[in-house]
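Residue numbers (this note's numbering): 13 to 363.
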Ligand code: SF4
């Protein structure tokens with residue numbers, strides 16, 4: 013098995029709200045939004061790990077925090093064995109770990125040409141002469157399916173798919189090892205999505221890239237991922253090989269997400285659970301115990317009291333789910349089912 017290039021350990025990202033004068037006088041603690049709460053996973057060299065979940069589950073915050081685009085509240089991220097959060101010099105990490113953002117229009121400066129945008133990382137890191145940078149930019153434009161003749165065009169002169177190609181070329185400029193792809197195709201027309209996914213796969217093969225691929229669209233994630241991690245309300249609730257996750261999900265939330273995907277074949281029999289109902293509870297006051305208990309059709313009293321650990325699914329150590337139903341001898345099985353009134357979420361997530 014290949015060593016992990018990225019190891020995320022117990023990552024936390026909380027946002028603390030401004031406390032009012034009255035709150036301070038009353039001695040009240042400022043409220044926190046627990047956007048990411050104790051997330052751990054590895055990304056192995058050369059693989060694509062898909063990170064999925066509903067809006068507001070913390071998947072983009074996870075990607076941004078592990079790249080140190082946001083400062084973590086707690087936890088550690090090891091990149092090639094070095095703790096990124098303890099490093100005073102991020103220069104090398106910034107060269108080797110890049111990001112492709114969701115919206116190619118807002119992530120590209122409208123006042124800069126494609127050439128300037130792609131060249132910027134080379135300028136910042138002082139790589140190459142002026143002529144060498146120009147040559148590198150033209151090479152990158154062609155590698156992502158654009159032409160060197162488009163080097164002086166501005167973002168508004170490109171289509172959505174072409175703009176995303178410019179964003180990918182910028183991410184490749186420093187020859188990175190690892191790219192966080194944060195919903196890279198969700199702002200694009202369906203017809204263009206496949207072209208960008210194919211481009212990302214070709215680039216991965218050619219340059220040996222490692223991807224963390226963040227998306228809410230399960231069909232996209234299935235297409236591109238070797239393994240998948242499922243997030244719910246700031247936590248990873250299931251992780252495993254992509255085929256296993258889709259064919260044999262071990263967490264009721266994953267089952268419900270899969271059941272929510274529209275299917276062309278209406279004759280197909282559904283799984284045991286109903287499609288996902290209700291909104292994600294607010295990360296300001298996440299439910300006690302298993303955070304999914306307010307929406308889970310299998311929830312029992314034990315789920316409200318206790319937070320589940322990560323348990324093997326079908327005896328596989330490479331497939332784990334945070335659900336008591338994966339453990340034969342847990343108190344869960346003897347505790348009474350939760351009433352409907354206890355399954356109503358208070359408040360909803362704001363992404
Ligand atoms: Fe549902 Fe309980 Fe499993 Fe959580 S631990 S997913 S509430 S059955």
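Cβ atoms here follow ideal geometry from the backbone N, Cα and C, with glycine treated the same way. Small disclaimer: the values here were computed from a predicted structure and weren't measured.
If residue i sits next to residue j, beta carbons under 8 Å apart, how far is it from one beta carbon to the other, in whole angstroms?
i           : j           : result
residue 335 : residue 320 : 6 Å
residue 230 : residue 184 : Wrong, their Cβ atoms sit about 27 Å apart, outside the cutoff.
residue 332 : residue 251 : 6 Å
residue 109 : residue 188 : 6 Å
residue 165 : residue 126 : 5 Å
residue 45  : residue 111 : Going by Cβ atoms, the distance from residue 45 to residue 111 rounds to 22 Å, so no, they are not a contact pair.
residue 293 : residue 245 : 6 Å
residue 303 : residue 289 : Actually they are not in contact, since the Cβ atoms of residue 303 and residue 289 sit about 16 Å apart, beyond 8 Å.
residue 155 : residue 117 : Wrong, their Cβ atoms sit about 22 Å apart, outside the cutoff.
residue 254 : residue 75  : Between residue 75 and residue 254 the Cβ distance is about 18 Å, and since that is not below 8 Å, they are no contact.
residue 22  : residue 247 : Actually they are not in contact, since the Cβ atoms of residue 22 and residue 247 sit about 11 Å apart, beyond 8 Å.
residue 73  : residue 216 : With a Cβ gap of about 24 Å, residue 73 and residue 216 do not count as contacting.
residue 305 : residue 299 : 6 Å
residue 129 : residue 121 : 7 Å
residue 80  : residue 102 : 6 Å
residue 327 : residue 316 : Incorrect: roughly 28 Å between the Cβ atoms, too far for contact.
Which residues bound the alpha helix (DSSP H) around residue i?
i          : result
residue 40 : Premise fails: residue 40 is in no alpha helix (DSSP H) and is neither H nor E.
Where does residue i fall in DSSP's three states?
i           : result
residue 323 : strand
residue 260 : coil
residue 185 : coil
residue 50  : strand
residue 86  : strand
residue 315 : helix
residue 344 : helix
residue 26  : strand
residue 103 : helix
residue 97  : helix
residue 34  : helix
residue 307 : coil
residue 8   : One cannot answer for residue 8 here, as it falls past the ends of the chain, which runs 13 to 363.
residue 79  : coil
residue 296 : coil
residue 19  : strand
Can you give me the start and stop residues for the beta strand (DSSP E) that residue i sits inside?
i           : result
residue 247 : 247 to 253
residue 60  : 60 to 64
residue 190 : 190 to 194
residue 330 : 328 to 333
(Q) Ignoring anything shorter than 4 residues, give me the alpha helix (DSSP H) runs that lie fully in the region 111 to 182, in order along the chain. (A) 126 to 136 and 142 to 155
**Q.** Completely contained alpha helix (DSSP H) runs for the region 200 to 247, where each covers 4 or more residues
**A.** 202 to 219 and 230 to 236
**Q.** Three CB pairs or more closer than 8 Å across the region 38 to 58 and the region 215 to 224
**A.** Touching, yes, given that three or more Cβ pairs across the two stretches are closer than 8 Å.
Q. Are at least three pairs of beta-carbons, each pair with one atom in the region 158 to 167 and one in the region 189 to 202, less than 8 Å apart?
A. no
Q. Any chance the region 227 to 245 sits against the region 178 to 186, with 3 or more Cβ pairs inside 8 Å?
A. no
Q) Is the region 260 to 270 touching the region 292 to 311 in the sense that three or more CB pairs, one from each, lie closer than 8 Å? A) yes
Q. Pairing CB atoms from the region 57 to 75 with CB atoms from the region 93 to 102, are three or more of them under 8 Å?
A. Look at the beta carbons and you see the region 57 to 75 not touching the region 93 to 102: under three pairs across the two are nearer than 8 Å.
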